[in-house]
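Colleague: Start counting at 1 in the sequence shown, then tack on 41, and there's your number in the working numbering.
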Amino acid sequence: MPANSTFVARVAAKTCCGRLCLVRDKEFVPLRCHSGTLRALATGLKRFGPAEGAPDWLVSAIWLCTGDAELIATASAEVLADGYVARPLTVCSRDELTAAVGADLPDIEGRLMGRGCNLVLPGTSSDFVAPASLREWPAGDYSMTVLVRVVQCASAMQRVACGLLFESGGQQLLAGTDVSSLAMVLSEDPELIDRYRGSCEEMSSADYPRLADD
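1. Let's see if you can read the secondary structure: which residues bound the alpha helix (DSSP H) around LEU238?
2. What does the alpha-carbon distance come out to for the pair LEU121 and PRO129?
3. Can you give me the C-alpha to C-alpha distance between VAL226 and SER246, rounded to a whole angstrom?
4. Check this for me: beta carbons of THR131 and ARG200, under 7 Å apart or not?
5. So, under 8 Å CB-CB, ASP219 and ALA116 are touching, yes? Tell me the CB distance rounded to an integer number of Å.
6. Measure how close the beta-carbons of GLY217 and TYR237 come, nearest whole angstrom, since I'm counting them as under 8 Å.
7. For ARG190, is the classification buried or exposed, using 16 other Cβ atoms within 10 angstroms of its Cβ as the cut-off for buried?
8. Answer yes or no: do LEU175 and ARG88 have a C-beta to C-beta separation smaller than 7 Å?
9. Quick one: give me the first and last residue of the alpha helix (DSSP H) that SER76 is part of.
10. Excluding the five sequence neighbours on either side, which residues of its own chain have a C-beta within less than 7 Å of the C-beta of ALA110, listed in chain order?
11. Once you ignore the five residues that flank SER209 on each side, which residues in its own chain have a CB closer than 8 Å to its CB?
12. Taking ALA127 as the reference, which of SER222, ARG251, SER240 has the closest Cα?
13. Quick one: using the 10 Å Cβ neighbour count with 16 as the cut-off for buried, is GLY204 buried or exposed?
14. In its own chain, which residues sit with a C-beta less than 6 Å from the C-beta of LEU260, not counting the 5 before and 5 after it?
What follows is the structure, given as structure tokens:
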């Protein structure tokens, strides 16, 4: 990815494929992801890996590539009515990511200028490609689970669709958002994955769309 990839990942896709809905007495923030994208990942994941130059497990963006598409997973931020900052998972194409960042740049530059800063932010481009360092995901049958972070706040139970867990035989892969920042968690470590799952509800890729559409 280009030198500004961390900036791109941190402001990306807050307007891409997202909406806030109410599920009974719980506020539910769904994945920011087209249903077709979710279906493709549930059956066709081929390669995965972090954006280049990121640390081993806490990264700015994650590549999730199928046979037909190179997708990018990032964290978004949504301030809910009670002030809780939800961080749902966004998965989108390079073009969607570029469009979302481009739409946000004028507002960000205007805020900077209002604070006396004349910094010119880098432009956006969708011509970046997945790095050669991506790893292969095992071929054959696997399952994909949507992880929903559950947080008890003062006024309500908040539920945020925050990650995807892929499992094939004894291998696991977690791609999820960090609870307190716009970083991403990418891990194959069973202990780290178990800790992450401990605060989440789990839904199959078949069950999740019914909840998100309620």
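Note that CB positions come from ideal geometry on N, CA and C, so glycine has one too.
Modeller: Put simply:
1. Counted from its first residue, the sequence shown places residue 238 at position 197. Rather than Leu, the amino acid found at residue 238 in this sequence is Arg. Looking at the DSSP string, the run of the alpha helix (DSSP H) that includes ARG238 is 231-238.
2. Translated into positions along the sequence shown, residue 121 becomes position 80. Translated into positions along the sequence shown, residue 129 becomes position 88. Approximately 12 Å, taken between the alpha carbons.
3. To locate residue 226, count along the sequence shown from 1; it is residue 185. To locate residue 246, count along the sequence shown from 1; it is residue 205. Taking the straight line from one Cα to the other gives about 20 Å.
4. As a first step, residue 131 is located in the sequence shown; it is residue number 90 there, counting from the start. As a first step, residue 200 is located in the sequence shown; it is residue number 159 there, counting from the start. Cβ atoms of THR131 and ARG200: not closer than 7 Å.
5. On the sequence shown, position 178 is the one that residue 219 refers to. On the sequence shown, position 75 is the one that residue 116 refers to. Yes, ASP219 and ALA116 are in contact; Cβ-Cβ is about 7 Å, under 8 Å.
6. Numbered from 1 along the sequence shown, position 176 holds the residue referred to as residue 217. Numbered from 1 along the sequence shown, position 196 holds the residue referred to as residue 237. With 8 Å as the limit, GLY217 and TYR237 qualify as a contact, their Cβ atoms being about 6 Å apart.
7. Taking the first residue of the sequence shown as 1, we reach residue 190 at position 149. By the 10 Å Cβ count, ARG190 comes out buried.
8. Working through the sequence shown from its first residue, we reach residue 175 at position 134. Working through the sequence shown from its first residue, we reach residue 88 at position 47. The answer is yes: Cβ separation under 7 Å.
9. The sequence position of residue 76 within the sequence shown is 35, counting from 1. It spans 76-85 - the alpha helix (DSSP H) in which SER76 sits, taken as one unbroken run.
10. As a working note, residue 110 is residue 69 in the sequence shown. Correct list, in chain order: ALA81, SER134.
11. In the sequence shown, the residue the question calls residue 209 occupies position 168. Closer than 8 Å at the Cβ level, and outside the excluded window around SER209, lie TRP178, PRO179, GLY181, ASP182, TYR183, SER184.
12. Walking along the sequence shown from the start, residue 127 turns up at place 86. Nearest of SER222, ARG251, SER240 to ALA127, Cα basis: SER222.
13. For the purposes of this step, residue 204 is taken as residue 163 along the sequence shown, with counting starting at 1. Looking at its Cβ environment, which holds 16 or more other Cβ atoms inside 10 Å, GLY204 is buried.
14. Given a span of 42 to 255 for the chain in the structure shown, any question on residue 260 remains unanswerable.
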